[in-house]
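Inspection log for the structure reproduced underneath, given as structure tokens.
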Amino acid sequence: MFPSILGGTCAIPGAFGCGKTCISQALSKHSNSEVIIYVGCGERGNEMAEVLEEFPALTTIKNGKEVSIMQRTSLVANTSNMPVAAREASIYTGITLAEYFRDMGRNVSMMADSTSRWAEALREISGRLAEMPGDSGYPAYLATKLAQFYERAGKVSCLGSPERKGSITIVGAVSPPGGDFADPVTTSTLSIVQVFWGLDKKLAQ
């Protein structure tokens with residue numbers, strides 16, 4: 002998945018309508034990963050419905066045959082009308098699924114769309130717990146939570162027998178308000194990830 006390496010981390014920040022979901026779908030179709038985990042975290046219901054309709058129609062070549070990418074894809078759907086706690090849990094559910102397949106010796110790509118809505122869920126839960134707020138009302142541990150998530154990516158040699166090697170590549174979409182890259186979620190993410198794909202709304206139009 003050039004320019005992202007196997008077992009690497011990648012961020013795709015951009016305003017609404019810049020093509021983050023299109024890029025995620027293209028990566029799901031064309032990447033050399035054996036398993037795809039797509040997490041729709043806090044997505045609008047119509048956007049998630051589009052994913053559920055369009056993904057089964059996408060195909061890839063496997064052993065010289067054209068097959069549906071759903072044969073290697075798991076979808077974790079969490080729409081914006083679902084509870085905040087479920088939104089927070091959706092990212093952890095996705096990365097746990099990815100680790101399961103990685104430990105089987107598979108190369109896994111995880112698409113998280115979007116980590117901004119996950120951060121908003123953390124902010125809301127933090128507010129209800131009356132914790133000390135940080136920048137823009139996000140919890141002070143936001144950068145730590147993001148780092149803990151992205152650091153679960155990597156290429157590993159699994160314990161036990163038979164001998165197997167697997168990897169997790171994380172691609173996180175970030176939706177800064179108004180496309181402002183000075184947003185705390187965007188700046189914290191950029192200090193962690195290895196690859197940065199900045200999207201411009203003018204180019205998208």
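Each number in the numbering used here corresponds to the 1-based position in the sequence shown with 1 added. Quick reminder that beta carbons are idealized off the backbone N, C-alpha and C, glycines included. Computed from a predicted model, the values in this text were never measured in an experiment.
What residues are listed by DSSP as bridge partners for threonine 74? Along the sequence shown, one-based indexing puts residue 74 at 73. Threonine 74 is bridged to Ile37.
task = Could you tell me whether the segment 56 to 65 touches the segment 130 to 150, where touching means 3 or more Cβ pairs closer than 8 Å?
result = no
Considering only the alpha carbon of each residue, which of Val157, Ser69, Tyr142 and Val172 lies closest to tyrosine 101?
If you number the sequence shown from 1, residue 101 lands on position 100. The option with the nearest alpha carbon to tyrosine 101 is Val157.
Practice item. Name the two residues that bound the continuous beta strand (DSSP E) containing methionine 112. Key: As a first step, residue 112 must be located in the sequence shown, where it is residue number 111. Where methionine 112 is concerned, the enclosing beta strand (DSSP E) stretches over 108 to 114.
- Hey, out of Gly15, Gly8 and Gly9, whose CA is closest to leucine 204's CA? On the sequence shown, residue 204 is found 203 positions in, with the first residue counted as 1. The residue with the shortest Cα to Cα distance from leucine 204 is Gly15.
Mind checking who lysine 63 pairs with in its DSSP beta bridge? Along the sequence shown, one-based indexing puts residue 63 at 62. DSSP lists Lys66 as partners of lysine 63.
Worksheet entry | Cβ-based burial, lysine 21 [other Cβ within 10 Å; buried from 16] | Mapped onto the sequence shown, residue 21 falls at position 20. By the neighbour-count rule (16 or more Cβ atoms within 10 Å), lysine 21 is buried.
Query - Burial state of proline 140 (16 or more Cβ within 10 Å) - result: Your numbering for residue 140 matches position 139 in the sequence shown. Buried: at least 16 other Cβ atoms inside 10 Å.
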